[in-house]
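FYI, our numbering numbers position 149 of the sequence shown as 178, with every residue one higher than the one before it. Glycine included, every Cβ here is placed at the ideal spot set by N, Cα and C. Since the structure comes first, as structure tokens, the remarks are kept for the end.
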Amino acid sequence: MEDNKKQVVEKENVEIVKTENVEKENSSTTNKFNKFTKTKDKIANKLNKRNYIESMCERYGKHIVDMVILIKYNAEIKRFTSIGIINYLFNNKQIPSQKAFVTYKWNKFSVKCNGLVREFTYSEPFFVVALIASFTSFTDSAQTAIAEFYGTEISEDKRNEINNDAISQIVKLNKEYSSKNSVDFSDDLSED
């Protein structure tokens with residue numbers, strides 16, 4: 030009788046092991062399938078990004094999309110534009126605090142302050158002023174960062190490779206080969 034109990038227990042253990050192995054195999058197959066699906070989705074997204082920008086141009090107008098791309102995909106321009114908008118609204122007593130957050134959408138932007146959200150169109154004069162001013166702020170910030178990097182990381186013997194002719198050549202090539210379709214926008218391209 031004790032032998033029968035041992036056999037049952039052993040059978041149960043074997044079944045448990047078999048069940049665990051099957052679950053591990055299924056999990057492995059599921060992971061492979063999920064990786065394949067994610068890769069497939071990434072490829073589809075890359076193919077759709079160009080069409081997406083074109084559809085946004087048709088929907089809102091190329092001039093608005095070009096301007097929104099400036100902000101949505103340039104972190105420092107976005108940051109300095111937001112600071113300018115918040116400062117303008119605060120100084121004109123349209124928001125009670127400088128602790129606010131700006132969100133950029135394809136056809137408007139919104140400012141959230143103290144839990145309240147207010148939306149504005151891109152045709153607001155203070156927005157255009159803040160956007161233009163952001164480039165000056167960006168230039169100042171970039172010059173400081175580049176100077177510090179240059180002084181710390183670029184050796185004396187490599188510094189002669191960095192000159193106005195090399196910079197002018199890159200600027201010329203950038204103008205020649207730049208287009209919205211040649212850039213892979215990895216940021217979120219959602220409607221908001």
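{"Item": "Can you list, in chain order, the stretches of the alpha helix (DSSP H) that have 4 or more residues and sit fully within the stretch 92 to 126?", "Value": "104 to 120"}
{"Item": "Which of the three DSSP states, helix, strand or coil, is assigned to Tyr133?", "Value": "strand"}
{"Item": "Quick one: give me the first and last residue of the alpha helix (DSSP H) that Glu148 is part of.", "Value": "Here Glu148 belongs to no alpha helix (DSSP H); instead the beta strand (DSSP E) covers Leu145 to Phe149."}
{"Item": "At a cut of 8 Å, does the stretch 152 to 161 reach the stretch 179 to 188 through at least three beta carbon pairs?", "Value": "no"}
{"Item": "Going straight from the alpha carbon of Cys142 to that of Gln198, what length do you get?", "Value": "45 Å"}
{"Item": "Please report the Cβ distance between Ile100 and Lys91, rounded to the nearest whole angstrom; I am assuming they are in contact, meaning their Cβ atoms lie under 8 Å.", "Value": "No, Ile100 and Lys91 are not in contact; Cβ-Cβ is about 15 Å, not under 8 Å."}
{"Item": "Say whether the stretch 110 to 119 touches the stretch 138 to 152, bearing in mind that this needs 3 or more beta-carbon pairs closer than 8 Å, one atom from each stretch.", "Value": "yes"}
{"Item": "Can you pull the DSSP bridge partners for Ser139?", "Value": "Thr132 and Glu148"}
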